[in-house]
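For my numbering, count along the sequence shown from 1 and bump the result up by 3.
From the three backbone atoms N, C-alpha and C, an ideal C-beta is built for every residue, glycine too.
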Amino acid sequence: VNRLAHTHNILTLRALMKTVLAFCSMLSGLAVKSSSTYSLSVLVKNFQMKPGYGWCVDRSGTEGTARRFTCLSCQDTQNVCESDDMCVAFACYNTTDAEESVAYTSSECSTSCYQLDWLMDPSLIHNASNQRRSSGSTTIVSRWSGARCYVQ
Numbered sequence: 004v005n006r007l008a009h010t011h012n013i014l015t016l017r018a019l020m021k022t023v024l025a026f027c028s029m030l031s032g033l034a035v036k037s038s039s040t041y042s043l044s045v046l047v048k049n050f051q052m053k054p055g056y057g058w059c060v061d062r063s064g065t066e067g068t069a070r071r072f073t074c075l076s077c078q079d080t081q082n083v084c085e086s087d088d089m090c091v092a093f094a095c096y097n098t099t100d101a102e103e104s105v106a107y108t109s110s111e112c113s114t115s116c117y118q119l120d121w122l123m124d125p126s127l128i129h130n131a132s133n134q135r136r137s138s139g140s141t142t143i144v145s146r147w148s149g150a151r152c153y154v155q
């Protein structure tokens with residue numbers, strides 16, 4: 004219970020810090036063009052594509068972290084992740100038959116919602132893989148073979 008409360012406090016503080024940084028960035032981006040016209044720069048998260056193909060994984064090749072699955076395009080998933088203070092990464096693929104994605108966030112979480120390590124430290128996300136590991140065996144999930152992992 005204490006770890007959960009501590010984790011909640013860290014995540015709340017992280018969201019607050021992002022809001023303050025966004026506000027400061029907005030203020031610094033406010034430039035006067037004339038006496039009545041202003042231009043505003045928009046704060047956008049920068050995502051780095053990790054090596055490999057598939058969903059995001061850590062150094063041991065596992066994905067066990069808070070996440071939410073969607074049937075959105077890669078661009079729509081990026082937009083969702085950019086607008087979600089708790090989203091630190093996403094993985095997606097677009098084919099002519101399907102669009103599927105996963106956002107690594109605690110917001111509207113659907114899987115492993117209690118595991119928050121990646122949300123507190125996105126550097127734990129190492130690469131992408133479409134190999135599911137469990138009980139000593141590996142299964143390749145072919146529909147994710149063209150997916151990419153993007154980390155903030």
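Measure the beta-carbon distance from residue i to residue j and round it to whole angstroms, keeping in mind my assumption that it falls under 8 Å.
i: residue 60; j: residue 131; result: 7 Å
i: residue 140; j: residue 70; result: That belief does not hold up - the Cβ atoms of residue 140 and residue 70 are roughly 22 Å apart, past 8 Å.
i: residue 134; j: residue 50; result: At roughly 22 Å, the Cβ-Cβ gap does not stay under 8 Å, so residue 134 and residue 50 are not in contact.
i: residue 56; j: residue 113; result: Contact flag wrong, Cβ pair sits at about 23 Å.
What does a CB cutoff of less than 6 Å around residue i pick up in its chain, not counting 5 residues either side in sequence?
i: residue 73; result: 104
i: residue 94; result: 58, 59, 105, 150 and 152
Taking the straight line between their C-alpha atoms, what separation do you get for residue i and residue j?
i: residue 129; j: residue 67; result: 13 Å
i: residue 123; j: residue 92; result: 12 Å
i: residue 96; j: residue 138; result: 27 Å
i: residue 126; j: residue 89; result: 15 Å
i: residue 118; j: residue 81; result: 22 Å
i: residue 136; j: residue 151; result: 18 Å
i: residue 84; j: residue 58; result: 15 Å
i: residue 87; j: residue 48; result: 10 Å
Quick one: grab the DSSP three-state call for residue i.
i: residue 154; result: strand
i: residue 98; result: coil
i: residue 86; result: helix
i: residue 80; result: helix
i: residue 136; result: strand
i: residue 62; result: coil
By Cβ distance below 8 Å, which residues in the same chain neighbour residue i in space, the five residues on each side in sequence not counted?
i: residue 101; result: 74 and 146
i: residue 109; result: 14, 69, 89, 116, 119 and 122
i: residue 53; result: 59, 128, 129, 130, 131, 151, 152, 153 and 154
i: residue 78; result: none
i: residue 76; result: 95, 97, 102 and 104
Can you name, in chain order, every residue of its own chain whose Cβ lies under 7 Å from the Cβ of residue i, other than the five neighbours on each side?
i: residue 143; result: 133 and 134
Worksheet item: Which parts of the stretch 99 to 123 are runs of the alpha helix (DSSP H), unbroken and 4 residues or longer, counting only runs that do not cross its ends?
Response: Here the runs fully enclosed are 120 to 123.
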